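Peer 1: Quick mapping for you: the protein sequence lines, in order, are chains A, B, C and D.
If you use this note's numbering, the first sequence corresponds to residues 68 to 289, in order.
If you use this note's numbering, the second sequence corresponds to residues 68 to 289, in order.
If you use this note's numbering, the third sequence corresponds to residues 68 to 289, in order.
If you use this note's numbering, the fourth sequence corresponds to residues 68 to 289, in order.
The structure that follows is given in the form of structure tokens.
4 protein chains.
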Amino acid sequence: MAPSRLAPSNPASRDTDRSQATILRAARDEFSDHGFAGGRVDRIADRAGVNKRLIYYYFGNKNELFLSVLENAYADIRNAEKGLHLDQLQPTDALRTLIRFTWHYVLEHPEFPSLLGSENLMRASHLKKSKKIRDMHSPFVKMLDTLLTRGHEQGIFRAGIDPVQLYISIAALGFFYLGNNATLSVIFGKDLKATKELDERLAHMTELVVGYATNVTTPLTI
Amino acid sequence: MAPSRLAPSNPASRDTDRSQATILRAARDEFSDHGFAGGRVDRIADRAGVNKRLIYYYFGNKNELFLSVLENAYADIRNAEKGLHLDQLQPTDALRTLIRFTWHYVLEHPEFPSLLGSENLMRASHLKKSKKIRDMHSPFVKMLDTLLTRGHEQGIFRAGIDPVQLYISIAALGFFYLGNNATLSVIFGKDLKATKELDERLAHMTELVVGYATNVTTPLTI
Amino acid sequence: MAPSRLAPSNPASRDTDRSQATILRAARDEFSDHGFAGGRVDRIADRAGVNKRLIYYYFGNKNELFLSVLENAYADIRNAEKGLHLDQLQPTDALRTLIRFTWHYVLEHPEFPSLLGSENLMRASHLKKSKKIRDMHSPFVKMLDTLLTRGHEQGIFRAGIDPVQLYISIAALGFFYLGNNATLSVIFGKDLKATKELDERLAHMTELVVGYATNVTTPLTI
Amino acid sequence: MAPSRLAPSNPASRDTDRSQATILRAARDEFSDHGFAGGRVDRIADRAGVNKRLIYYYFGNKNELFLSVLENAYADIRNAEKGLHLDQLQPTDALRTLIRFTWHYVLEHPEFPSLLGSENLMRASHLKKSKKIRDMHSPFVKMLDTLLTRGHEQGIFRAGIDPVQLYISIAALGFFYLGNNATLSVIFGKDLKATKELDERLAHMTELVVGYATNVTTPLTI
DNA sequence: TATGAATGAGAATTCATTCAT
DNA sequence: GATGAATGAATTCTCATTCAT
Chain A
68 MAPSRLAPSN PASRDTDRSQ ATILRAARDE FSDHGFAGGR VDRIADRAGV NKRLIYYYFG
128 NKNELFLSVL ENAYADIRNA EKGLHLDQLQ PTDALRTLIR FTWHYVLEHP EFPSLLGSEN
188 LMRASHLKKS KKIRDMHSPF VKMLDTLLTR GHEQGIFRAG IDPVQLYISI AALGFFYLGN
248 NATLSVIFGK DLKATKELDE RLAHMTELVV GYATNVTTPL TI
Chain B
68 MAPSRLAPSN PASRDTDRSQ ATILRAARDE FSDHGFAGGR VDRIADRAGV NKRLIYYYFG
128 NKNELFLSVL ENAYADIRNA EKGLHLDQLQ PTDALRTLIR FTWHYVLEHP EFPSLLGSEN
188 LMRASHLKKS KKIRDMHSPF VKMLDTLLTR GHEQGIFRAG IDPVQLYISI AALGFFYLGN
248 NATLSVIFGK DLKATKELDE RLAHMTELVV GYATNVTTPL TI
Chain C
68 MAPSRLAPSN PASRDTDRSQ ATILRAARDE FSDHGFAGGR VDRIADRAGV NKRLIYYYFG
128 NKNELFLSVL ENAYADIRNA EKGLHLDQLQ PTDALRTLIR FTWHYVLEHP EFPSLLGSEN
188 LMRASHLKKS KKIRDMHSPF VKMLDTLLTR GHEQGIFRAG IDPVQLYISI AALGFFYLGN
248 NATLSVIFGK DLKATKELDE RLAHMTELVV GYATNVTTPL TI
Chain D
68 MAPSRLAPSN PASRDTDRSQ ATILRAARDE FSDHGFAGGR VDRIADRAGV NKRLIYYYFG
128 NKNELFLSVL ENAYADIRNA EKGLHLDQLQ PTDALRTLIR FTWHYVLEHP EFPSLLGSEN
188 LMRASHLKKS KKIRDMHSPF VKMLDTLLTR GHEQGIFRAG IDPVQLYISI AALGFFYLGN
248 NATLSVIFGK DLKATKELDE RLAHMTELVV GYATNVTTPL TI
């Protein structure tokens, strides 16, 4: 019978936890390197150093395994964001902190945009079945909304910024640049992962977003 | 024995041209729907209504076919951009036109971000072998550069805008939103493809980019 | 994930050994009947009564399987030769025994010349990758050399016989006759596999080789 | 309608003859390099520089083409042998001449043993359908028989030598050595195609055969 | 928990051959 | 005579998954 992945760890299941975590890491890397369709269960077993059968024992099948990887990935970034304590920072600083954090998170987790790209190819068919994923995001949106409201009340941020739109822009500017770095570098004939380019990118995107948010006088020309 | 895909079409090769074009369209759709690894040559043949063997006759193998699809996709958007005649517009109008065009292009060509996502998963391994792709992009970058210079000379645009960085931002804001729409809609629990949302997005991203470009006084706070 | 074919058999791998041996026998027959290029992995699976996938599981691919078949075939004949104990026989008897053995071995193993013929067509491309094959043959050549030296010291064999040349002649006279029996029978319009013909052949080739080896006075006319 | 390959060439069919000859040469090389099963009609067309369809026009199919190649190959060597005029030489010289000729013929026509090897793999299924092949060989056997009889009448050759057995031995000693050179060189760890080795081989096989034929006193030890 | 052996369905690719002109 | 386009039937190899222990 299949074990519960949700059960709180008790002393007896140390190995179980470790095995599952190892498999998840291996799966994350494999799916990140090759996408869902290109990912191989065999290679995941190899990477994890476990018997292939064990993967089925713990995760049922390739699709469920992929969903677990996705849920883990989202949980990771959302948890890290909580650690930023944006609510304790001055609004502009909080916004800059979020931008910088997002940028560095993707820089250090190149697998994240890959996984998302794969999942989007499949029209989020896995995520749609997730029960956890929505619950992870409502607090996040609420936090952003609070920040934007606070900034506006202090006369710093413009009115009517949609937290979701804004976050998508922050993510877009970083994720797209890094996640599509390979093709962008080829078509523009330039190594966009060079340190100088990366630094410029962060400055550029910060200015775009902060400039937008702090532009309290709605521009007449628009 | 394989015919040259590069040969100029002569009267006798009408069918050849049509067959190849049909295959390319089918391949584009298939790879867009399922990614490169998930794409099936069998289905491409079915979609194109041709014998599978013919695909190999014209394109050699799945990889070369995918490269052809990519080259075609890039050629398409770059050609469409040429038709905007940005050099004949007032700088701010030109920038807005480009943003709006890019947005609508992706809206109408949802396969494009998919194909790019797939290729990035494979670290641009196909594009790296392309001889055409670089040549398509240098005139494009030159055109952008000319536009930004012209805008700056007229006192409209700020100094020192990197055309590549700016274009990547324009693309990012649209491509990421549309290409990741599936996952974004799920995690934020909102249909981001609703007309209202789409309109807001275009307004939002236009303001971000135009606001940045036309912000001639470098903000002190950054 | 593929199991090692070199690992010493342990009690737990009985089935493994049997499966592999069954596959090898089936492959030997198939390749012998149709050559390497004409041999079908599907038919090998059928002949062996195993799932085709298992062949790849154990042997990797068609080429490696063929190499295993070749190595097995050579090991077989070289081992059988060891059982002749030529070193314990009087030199002429030993030579006759080797000739007779070689003849009967090919008669009973018609697949052997076929496999060699196939491999020669491919310029020994498989054997060249074998690590075992050379080691199988040095003791064999040494044994022959010892025999020829012993015969010469006893005044029975002529001086300076090259063991490799002599063995190739022994093999040639038998292998060629049997391995090319089909075409020879057609062009000469005679059933060269009839018992009488076979007996004559063995007598003929024995006389050729023994006559040569025991001709201690180098003929003046040559 | 298919053209007759047997029709005597008339002025109008010059091109026809040349095309067919070119195809035959290409097919011979291809089948020699890869065997019948491994030979590719596509590659034959490439090698011959003609359209693949033309091969079918002239030769019907792959099997008939292969038979034509075989017939050509046999006709070639049998014709060359006629040019030796063995009947005008002293018996021993004639025998030596035949041995030397056979050796050099195979040396210069490495495709011949390959083709035979392939055909034997298929149990002479093509040759069996040939109407010409038998007729080519009866005069050859008759010539050998005459030579052996003549030699015996002059007290030079032993009695009762079977011309077919003797010729097979001559062929075997050369064909096997050269045709299996690749595997033999690998298993014995020696380049058997080196000039020195080749010279030794010819001397060795000449002595074997001539020694046998001229050994008029039946050896007691056999 | 853990694993080596085994498999059915399917994947890319190949090949001899034919169509239409 | 000659050819470019097209095809049906394999063929090698792969893959997620299950069996048996």
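For each residue, glycine too, the CB sits at the ideal point set by N, CA and C.
Here the structure is a predicted model, which is why all the values come from computation and not from measurement.
When you check each C-beta in the stretch 87-111 of chain D against every C-beta of chain C, which residues fall closer than 7 angstroms?
Peer 2: His101, Gly102, Ala104, Gly105
Peer 1: Using only alpha-carbon positions, find the residue among Leu214(B), Ser99(B), Gln221(B) that is nearest to Ala161(B).
Peer 2: Leu214(B)
Peer 1: Helix or strand or just coil, what does DSSP make of Asn187(C)?
Peer 2: Helix at Asn187(C).
Peer 1: Taking 7 angstroms as the limit between beta carbons, can you name the residues of its chain near Asp109(C), skipping five residues before and five after?
Peer 2: Excluding residues within five positions, the ones whose Cβ falls inside 7 angstroms are Lys119.
Peer 1: Please identify, using Cβ separations under 9 angstroms, the residues of the stretch 124-156 of chain A that lie next to chain B, in order along the chain.
Peer 2: Leu137, Tyr141
Peer 1: For Ile228(D), report the span of its alpha helix (DSSP H) as first-last.
Peer 2: Ile228(D): not part of any alpha helix (DSSP H); DSSP gives it neither H nor E.
Peer 1: Can you pull out the residues from the stretch 155-172 of chain C whose beta carbon lies closer than 8 angstroms to at least one beta carbon of chain D?
Peer 2: Thr159
Peer 1: For the 8 angstroms Cβ check, are there 3 or more pairs between the stretch 262-274 of chain D and the stretch 229-242 of chain C?
Peer 2: yes
Peer 1: Taking 8 angstroms as the threshold, find out whether the stretch 97-106 of chain A comes into contact with the stretch 184-197 of chain B through three or more Cβ pairs.
Peer 2: yes
Peer 1: So is Val283(D) buried or exposed if we call it buried at 16+ other beta carbons inside 10 Å?
Peer 2: exposed
Peer 1: From what residue to what residue does the alpha helix (DSSP H) around Pro206(B) run?
Peer 2: Residue range 200-220 is occupied by the alpha helix (DSSP H) that includes Pro206(B).
Peer 1: Keeping to the same chain, check which residues put their C-beta closer than 7 angstroms to that of Tyr141(B); ignore five residues upstream and five downstream.
Peer 2: Ile200, Met203
Peer 1: Against chain C, with Cβ distances strictly below 8 angstroms, would Asp258(D) count as a contact?
Peer 2: no
Peer 1: Evaluate Thr250(A) with the Cβ neighbour count: other Cβ atoms within 10 Å of its Cβ, from every protein chain shown; 16 or more gives buried, anything less gives exposed.
Peer 2: buried
Peer 1: Name the chain B residues whose beta carbon is nearer than 8 angstroms to that of Ala191(A)?
Peer 2: Ala249, Thr250, Ser252, Val253
Peer 1: Under 8 angstroms between beta-carbons, which chain A residues line up against Gln221(B)? List them in chain order, please.
Peer 2: Within 8 angstroms Cβ-Cβ: nothing; Gln221(B) doesn't reach chain A, min ~14 angstroms.
Peer 1: Measure the C-alpha to C-alpha separation of Leu211(D) and Leu91(C) and round it to an integer number of angstroms.
Peer 2: 44 angstroms
Peer 1: For Glu138(C) and Ser197(C), which I take to be in contact (beta-carbon distance under 8 angstroms), what is that distance rounded to the nearest angstrom?
Peer 2: 6 angstroms
Peer 1: Going by Cα to Cα distance, which pick from Ala280(C), Tyr279(C), Phe243(C) is closest to Arg268(C)?
Peer 2: Phe243(C)
Peer 1: Does the Cβ-Cβ distance between Arg114(A) and Ala93(A) come in under 8 angstroms?
Peer 2: yes
Peer 1: Got a sec? Which residues, its chain only, sit under 7 angstroms from Ser236(D) by beta carbon, not counting five neighbours each side?
Peer 2: Excluding positions up to five away in sequence, the list reads Val276.
Peer 1: What residue does the alpha helix (DSSP H) around Ala115(D) start on, and which one ends it?
Peer 2: 108-115
Peer 1: Give a yes or no on whether 8 angstroms exceeds the smallest Cβ distance from Ile49(C) to chain D.
Peer 2: This structure cannot settle anything about residue 49(C), because the visible part of chain C is limited to 68 through 289.
Peer 1: Let's test the definition: count the other Cβ atoms within 10 Å of the Cβ of Thr262(A) and tell me whether it reaches 16, buried, or not, exposed.
Peer 2: exposed
Peer 1: May I have a chain-ordered list of the alpha helix (DSSP H) segments no shorter than 4 residues that lie completely inside the stretch 135-176 of chain B?
Peer 2: 158-175
Peer 1: Please report how far the alpha carbon of Phe133(B) lies from the alpha carbon of Phe98(B), in whole angstroms.
Peer 2: 8 angstroms
Peer 1: Say whether chain A places a C-beta atom closer than 8 angstroms to the C-beta of Ile237(B).
Peer 2: no
Peer 1: Could you give the DSSP three-state label for Val283(A): helix, strand or coil?
Peer 2: coil
Peer 1: With DSSP collapsed to three states, give me the class of Ala74(C).
Peer 2: Unreliable placement is indicated for Ala74(C), whose pLDDT of 42 sits below 50; the coordinate value is still reported in the next sentence. DSSP places Ala74(C) in coil when its eight states are reduced to three.
Peer 1: Could you tell me the distance, in whole angstroms, from the CA atom of Lys195(C) to the CA atom of Phe207(C)?
Peer 2: 19 angstroms
Peer 1: Leu183(C) touches chain D at which residues, Cβ-Cβ below 7 angstroms?
Peer 2: Chain D residues near Leu183(C): Asn247, Thr250.
Peer 1: Decide if Ser205(A) is buried, meaning its Cβ has at least 16 other Cβ atoms within 10 Å, or exposed.
Peer 2: exposed
Peer 1: With Leu245(D) and Val173(D) assumed to form a contact (beta carbons below 8 angstroms), what rounded beta-carbon distance in angstroms separates them?
Peer 2: Approximately 5 angstroms separates the beta-carbon atoms of Leu245(D) and Val173(D); this is inside 8 angstroms, confirming the contact.
Peer 1: DSSP on Ala238(A), reduced to helix/strand/coil?
Peer 2: helix
Peer 1: Examine chain D for any beta-carbon lying closer than 8 angstroms to the beta-carbon of Leu188(C), and answer yes or no.
Peer 2: yes
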